[in-house]
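Participant: Numbering (the working numbering), first residue to last: 546 to 917.
1. Tell me where the beta strand (DSSP E) around residue 694 begins and ends.
2. I'd like to check one pair, residue 681 with residue 672: are the Cβ atoms closer than 9 Å?
3. For residue 615, which three-state DSSP category applies?
4. Using the C-alpha atoms, what's the distance from residue 587 back to residue 823?
5. Between which two residues does the alpha helix (DSSP H) carrying residue 705 extend?
6. With a threshold of 16 other CB atoms inside 10 Å of the CB of residue 658, please say whether the residue is buried or exposed.
7. Sorted by chain position, which residues of the same chain lie with C-beta nearer than 7 Å to residue 636's C-beta, five sequence neighbours on each side aside?
8. Would you grab the beta carbon distance between residue 639 and residue 656 for me? Rounded to a whole angstrom, and I think it's under 8 Å.
9. What is the DSSP secondary structure of residue 678, reduced to helix, strand or coil?
10. Should residue 864 and residue 845 be called a contact, given that it needs their Cβ atoms to be closer than 9 Å?
11. Using the Cα positions of residue 912 and residue 887, report the straight-line distance between them to the nearest angstrom.
12. So what does residue 872 bridge to, in DSSP terms?
13. Work out the CA separation of residue 734 and residue 753 for me, nearest whole Å.
14. Is the beta carbon of residue 675 less than 9 Å from the beta carbon of residue 664?
15. Would you call the segment 865-873 and the segment 715-732 in contact, with 3 or more CB pairs under 8 Å?
16. Rounding to the nearest angstrom, what Cα-Cα distance links residue 843 and residue 708 in this structure?
17. Using 10 angstroms around the beta-carbon of residue 811, count the other beta-carbons present and answer buried if the total reaches 16, otherwise exposed.
18. For residue 815 and residue 720, I'd like the C-alpha separation in whole angstroms.
19. Note down, in chain order, each residue of its chain lying with its Cβ closer than 7 Å to the Cβ of residue 604, except the 5 sequence neighbours on either side.
20. For residue 726, which residues of its own chain have a beta-carbon under 6 Å away from its beta-carbon, when the five flanking residues on both sides are left out?
21. In terms of residues, what are the limits of the beta strand (DSSP E) holding residue 588?
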C-alpha cells in the first residue's frame with residue numbers, strides 16, 4: 546500500500562512539474578511576443594590602461610549600420626546573433642554578447658583585444674596582441690604600446706585581420722596541397738619513362754630475318770648482298786628508333802625536372818613562411834620581455850626592425866634617455882644583451898654623460914661597442 550501511494554505521489558509531482566514548465570513557458574512566450582525593445586545599453590567590460598580602442602557610442606553606430614532592427618521590435622524577433630556578428634567584425638573586438646532583459650532592454654557587452662605592440666612599417670599600421678592576433682589601428686583611438694618601425698615585412702598581407710599563426714598554417718597547407726598535386730602530375734611521366742625503357746629493350750632485340758634454308762625454309766641460300774642490304778636497313782631502322790627514343794626520354798626527363806623544380810619551389814616557400822613566422826614570434830616575445838620589466842618598458846620607446854641579408858630579424862632600439870640608438874642585432878640572448886646594456890648605462894654613461902655616443906651596440910657577445 547505504501548509503495549502504491551509513493552508511486553502515485555511521485556506521478557502527481559511530475560505532472561505538476563511538467564504543467565508548471567508548460568505554463569510558464571507559455572507565459573514567457575506570450576510576454577516575449579507582446580513586449581518590444583524600448584532601449585539599448587552598451588557596456589565595455591574592460592579597459593586598456595585607462596585607454597579605450599572602442600566606445601559605447603561606436604558600438605551603437607556599428608549596430609545601426611548593420612541595419613538590424615532593434616528599438617520597437619518584439620523581443621522574440623531580435624537578431625541577437627546578427628548583432629554579435631556585426632560587432633565582432635571589427636578586429637579589435639575580442640568578445641561580444643547581446644541579450645534582452647525581461648523588461649525589454651537590449652544589452653550589449655563588449656570586450657576589446659589587448660594590443661602588445663603596434664606595427665608601423667611600410668604600408669602597415671596595425672596592432673598585434675600577445676597571442677599573435679593582428680587588427681588595424683582604429684582611426685579615432687590609440688593605445689600606448691611599443692611601436693615597431695623600419696623595413697621589416699610582416700608575414701601577412703596588408704590589411705589582414707586575424708591570427709598570424711592560423712594564416713601561416715593555411716598558407717603552408719595550401720602550398721603542401723599544391724606540392725602533392727604536382728606529385729600526381731609525375732605519375733604519367735614516370736610511366737612514360739618505363740614505356741621508353743621497354744621500347745629500348747625491344748629495339749635491341751630486333752633482328753634481321755633470314756630467308757631460305759638457313760632461315761628455316763627449304764630452298765637455295767639467300768643472296769649475301771641482299772642479306773647485307775637488309776642488315777644495313779635494319780641497323781638504320783634501329784638507329785632511328787633509338788634516336789627517337791632518346792629524344793623522347795630527354796623531353797620526358799625535362800618535364801619531370803620541371804615538375805620537381807615547382808615542388809622544390811613550394812618547399813622553399815614553406816620554409817620561408819615558417820622562418821618569417823618564427824621571426825614574428827621572436828619580435829612578440831621580445832616585446833613581452835621588455836613589457837614585463839618596468840625599466841625597459843619605460844625606457845624603450847621605439848623598435849626599428851629590419852631583415853638581414855641572411856634572412857634573420859635585426860633590431861635597433863630607440864631609448865627615451867639620451868640621443869643614441871642601440872644596435873641590438875638578432876633577437877637572441879635577449880636577457881644577456883639587455884643586462885649588458887643596463888650595466889653599461891649604470892657604470893658607464895652615468896659617469897661620462899648620456900650624450901657621449903651616437904650609437905651603442907650590444908650585438909657582440911661580451912662587448913659593448915660605442916660610436917661617437
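Positions of the beta carbon are idealized from the N, C-alpha and C atoms, including for glycine.
Facilitator: If we stick to the structure as given:
1. Start at 1 with the first residue of the chain shown, and residue 694 comes out as number 149. Unbroken beta strand (DSSP E) run through residue 694: 692-695.
2. Position 127 of the chain shown, counted from the first residue, corresponds to residue 672. Position 136 of the chain shown, counted from the first residue, corresponds to residue 681. Going by C-beta atoms, residue 672 is nearer than 9 Å to residue 681.
3. As a first step, residue 615 must be located in the chain shown, where it is residue number 70. Looking at residue 615 - three-state DSSP - the assignment turns out to be coil, as it is neither helix nor strand.
4. Here the question's residue 823 lines up with position 278 in the chain shown. Here the question's residue 587 lines up with position 42 in the chain shown. Cα-Cα distance, rounded: 39 Å.
5. Counting from 1 along the chain shown, the entry for residue 705 is found at position 160. That residue, residue 705, is in no alpha helix (DSSP H); it is neither H nor E in DSSP.
6. Here the question's residue 658 lines up with position 113 in the chain shown. Buried: at least 16 other Cβ atoms inside 10 Å.
7. If you number the chain shown from 1, residue 636 lands on position 91. For residue 636, where only same-chain residues beyond five positions count, the Cβ hits under 7 Å are 680, 681 and 706.
8. Within the chain shown, numbered from 1, the residue matching residue 639 stands at position 94. Within the chain shown, numbered from 1, the residue matching residue 656 stands at position 111. About 5 Å separates the Cβ atoms of residue 639 and residue 656, confirming a contact at the 8 Å cut-off.
9. Here the question's residue 678 lines up with position 133 in the chain shown. It is a strand residue.
10. In the chain shown, counting from the first residue as 1, residue 864 sits at position 319. In the chain shown, counting from the first residue as 1, residue 845 sits at position 300. Yes. Within cutoff.
11. Here residue 912 refers to the residue found at position 367 when the chain shown is read from its first residue. Here residue 887 refers to the residue found at position 342 when the chain shown is read from its first residue. In a straight line, the C-alpha of residue 912 is about 13 Å away from that of residue 887.
12. As a working mapping, residue 872 is identified with position 327 in the chain shown. Paired residue(s): 861 and 906.
13. Reading the chain shown from its first residue, position 208 is the one you call residue 753. Reading the chain shown from its first residue, position 189 is the one you call residue 734. Spanning the two alpha carbons is a distance of roughly 33 Å.
14. Position 130 of the chain shown, counting from 1, holds the residue named residue 675. Position 119 of the chain shown, counting from 1, holds the residue named residue 664. Contact: no.
15. no
16. Locating residue 843 in the chain shown gives position 298, counting from the first residue. Locating residue 708 in the chain shown gives position 163, counting from the first residue. In a straight line, the C-alpha of residue 843 is about 28 Å away from that of residue 708.
17. Mapped onto the chain shown, residue 811 falls at position 266. Residue 811 should be labelled buried.
18. Position 270 of the chain shown, counted from the start, is the residue given in the question as residue 815. Position 175 of the chain shown, counted from the start, is the residue given in the question as residue 720. For residue 815 and residue 720, the distance between alpha carbons rounds to 7 Å.
19. Here residue 604 refers to the residue found at position 59 when the chain shown is read from its first residue. These residues qualify, in order along the chain: 587, 632, 653 and 655.
20. Position 181 of the chain shown holds residue 726. Cβ within range, chain order: n/a, list empty.
21. For the purposes of this step, residue 588 is identified with residue 43 of the chain shown, where counting begins at 1. Counting along the chain, the beta strand (DSSP E) containing residue 588 begins and ends at 584-589.
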